[in-house]
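In our numbering, the protein residues as written are 48 to 605.
Right, here's the structure in full:
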């Protein structure tokens with residue numbers, strides 16, 4: 048089966064490039080990650096590696112031509128594909144051995160071709176707003192397994208949640224392109240499936256198997272500049288990160304290695320400039336790096352004592368680390384996203400805080416009264432639905448608290464929908480899903496949705512729809528024993544409140560008598576570019592009034 052190699056994204060804003068040199072020729076057999084072509088953009092000279100091993104059928108451009116990003120660069124027949132007669136023909140006027148042989152029988156043809164089956168790649172779809180890659184957490188199938196349409200094939204972890212990917216079609220799993228722990232790119236081939244029927248016509252390949260090459264990473268060979276004829280030192284390459292190149296490292300000479308090989312080298316602290324590549328034109332292969340790593344492992348303890356520890360990919364038990372040693376783990380997934388989000392929030396949003404005491408006695412009585420009614424409808428009633436609904440009612444009077452400022456602080460957007468988020472301590476880290484359009488929901492609606500979302504979040508499988516579009520957030524630190532906190536705003540929202548645990552404390556009443564009251568500390572953080580202190584206090588007073596006298600909410604409920 049012939050597939051098209053799609054020229055991947057090779058830099059932010061880059062839509063075309065000049066073909067400088069083909070590193071392969073038509074009819075040549077190439078290996079996975081082997082450099083195929085060198086192209087020049089207005090920013091750098093880039094080397095494009097192959098995604099699959101196989102035979103090059105046709106080069107679509109000549110040296111000096113302008114190639115378009117996301118357009119076919121060359122066609123090839125992968126080694127593991129069931130090749131038909133058309134894709135085997137290197138010259139349309141020169142039949143292959145298979146087509147000229149008079150002794151070929153139907154039962155000697157590839158099984159897939161003889162049985163009317165074909166192999167197609169499953170392209171990893173968009174799995175969340177802004178998500179460009181994910182980590183393979185667990186394969187639910189193995190090569191050779193027969194699967195059904197919509198069957199869960201794999202669990203992947205993004206920087207927001209763990210997501211199950213279902214099969215698009217029924218068939219037999221032909222090949223899994225990634226191992227557990229690998230990083231897969233959105234819009235790249237995730238696995239190959241043998242399915243019934245003829246393969247797609249050539250005109251449809253871009254939307255199917257041929258998209259498999261779209262996420263292939265590129266290798267920076269030499270930085271160029273439109274403003275100068277001088278070239279900088281040769282650079283090592285790195286995989287793309289969120290659409291941009293990671294910072295390259297200046298070295299002497301040219302280092303040819305794919306992003307996958309470079310990642311392995313980084314994980315094992317191996318300097319690629321000191322590695323003799325065994326591939327074509329001195330290209331460093333995965334085997335070259337692994338051989339060096341193996342030789343390091345087999346060295347004597349005294350020799351290894353002067354070498355740095357392997358970092359994120361070690362499988363050592365933390366308890367087995369000797370005194371004085373340091374174990375380093377790669378920050379990824381939810382933890383990495385949280386670090387990035389919180390840093391951006393603190394560095395770009397001027398926070399200010401407002402704290403108060405919420406008397407919970409009346410709300411506790413109402414909750415105890417309503418709990419049996421909710422349980423009869425299969426819903427658990429906590430205090431959170433009250434907090435959420437009261438917040439929505441208060442936002443009706445203070446819409447500025449439900450607004451968001453753009454990045455350059457030039458526009459303020461007011462949101463009519465109250466998409467209220469709540470922090471959940473899930474098994475994969477902190478998640479902040481939100482309930483959409485709270486202003487249109489009843490207390491029962493909120494309780495049912497919240498219960499469902501919490502169960503999903505704690506399993507790490509919350510829908511991406513619940514993780515985006517929030518307008519204000521609640522953090523319930525009291526659920527794990529916290530009393531006071533200064534919460535960090537969930538950017539780009541304008542405010543967040545942290546709820547402490549409820550304590551029975553002595554307080555003076557209006558007559559000067561001491562009585563026991565159930566008190567919860569509430570702690571607001573606001574964006575001081577949008578909200579002033581007086582507005583936040585008034586908003587908080589209104590919100591707390593609905594909670595301390597919950598019967599006031601009745602006149603507003605639909």
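Even for Gly, the Cβ is constructed at its ideal location relative to N, Cα and C.
For residue i, count the other beta carbons within 10 Å of its own beta carbon; 16 or more makes it buried, fewer makes it exposed. Which is it?
i, result
"residue 232", "buried"
"residue 55", "buried"
"residue 601", "exposed"
"residue 443", "exposed"
"residue 64", "buried"
"residue 363", "With a pLDDT of 41 at residue 363, under the threshold of 50, the modelled position of that residue is not reliable, and the figure given next carries that caveat. The residue is exposed, with fewer than 16 neighbouring Cβ atoms inside 10 Å."
"residue 387", "exposed"
"residue 323", "exposed"
"residue 173", "exposed"
"residue 159", "Residue placement at residue 159 cannot be trusted, given a pLDDT of 49 that sits under 50; what the coordinates show is reported in the next sentence. With 16 or more other Cβ atoms within 10 Å, it is buried."
"residue 51", "buried"
"residue 349", "Unreliable placement is indicated for residue 349, whose pLDDT of 42 sits below 50; no coordinate value is reported for it."
"residue 309", "buried"
"residue 335", "buried"
"residue 461", "exposed"
"residue 596", "exposed"
"residue 426", "buried"
"residue 57", "buried"
"residue 94", "buried"
Using beta carbons (cut-off 7 Å, strictly below), is residue i in contact with chain D?
i, result
"residue 66", "Although the question refers to chain D, the structure presented lacks it and comprises just one protein chain."
Starting from residue i, follow its DSSP beta bridges and name the residues at the other end.
i, result
"residue 565", "551"
"residue 590", "In DSSP, residue 590 forms no bridge with anything."
"residue 222", "239"
"residue 3", "The chain is shown only over 48 to 605; residue 3 falls outside these bounds and no answer can be derived."
"residue 232", "180"
"residue 460", "451"
"residue 50", "123"
"residue 405", "567"
"residue 473", "476"
Determine the contact status of residue i and residue j, defining contact as a CB-CB distance below 7 Å.
i, j, result
"residue 200", "residue 188", "yes"
"residue 441", "residue 555", "no"
"residue 220", "residue 204", "no"
"residue 546", "residue 566", "no"
"residue 166", "residue 79", "no"
"residue 382", "residue 476", "yes"
"residue 513", "residue 539", "no"
"residue 235", "residue 171", "yes"
"residue 478", "residue 432", "no"
"residue 230", "residue 180", "yes"
"residue 643", "residue 75", "Since the first residue of the chain shown is 48 and the last is 605, residue 643 is not available in this structure."
"residue 405", "residue 417", "no"
Smallest Cα separation from residue i: which of the options?
i, options, result
"residue 471", "483, 501 and 482", "501"
"residue 61", "98, 68 and 91", "91"
"residue 315", "338, 324, 226 and 325", "338"
"residue 576", "453, 118, 65 and 402", "453"
"residue 521", "438, 399, 126 and 528", "438"
"residue 400", "571, 537 and 487", "571"
"residue 579", "542, 76 and 494", "542"
"residue 395", "106, 483, 332 and 536", "536"
"residue 124", "98, 309 and 465", "98"
"residue 86", "96, 67, 102 and 596", "67"
"residue 589", "228, 229 and 446", "446"
"residue 459", "202, 574, 371 and 168", "574"
"residue 456", "591, 333, 397 and 503", "397"
"residue 103", "81, 114, 180 and 596", "81"
"residue 169", "180, 182, 239 and 411", "239"
"residue 333", "342, 341, 311 and 244", "311"
"residue 473", "509, 371, 450 and 464", "509"
"residue 409", "593, 325 and 122", "593"
"residue 402", "544, 192, 227 and 484", "544"
"residue 84", "227, 49, 101 and 121", "121"
So residue i is in the beta strand (DSSP E); what residue range does that whole segment cover?
i, result
"residue 169", "164–170"
"residue 71", "That residue, residue 71, is in no beta strand (DSSP E); it is neither H nor E in DSSP."
"residue 439", "Careful: residue 439 lies outside any beta strand (DSSP E), inside the alpha helix (DSSP H) at 431–444."
"residue 451", "450–452"
"residue 211", "209–213"
"residue 522", "519–522"
"residue 185", "180–186"
"residue 477", "476–478"
"residue 10", "It is not possible to answer for residue 10, since the shown part of the chain is limited to 48 through 605."
"residue 198", "Element bounds for residue 198: n/a, residue is neither H nor E."
"residue 106", "101–106"
Flag residue i as yes when its Cβ comes closer than 6 Å to any non-hydrogen atom of the ligand SAM, and as no otherwise.
i, result
"residue 219", "This structure does not include the ligand SAM; it has no bound ligands of any sort."
Within the continuous alpha helix (DSSP H) that includes residue i, where are the two ends?
i, result
"residue 501", "490–505"
"residue 423", "408–423"
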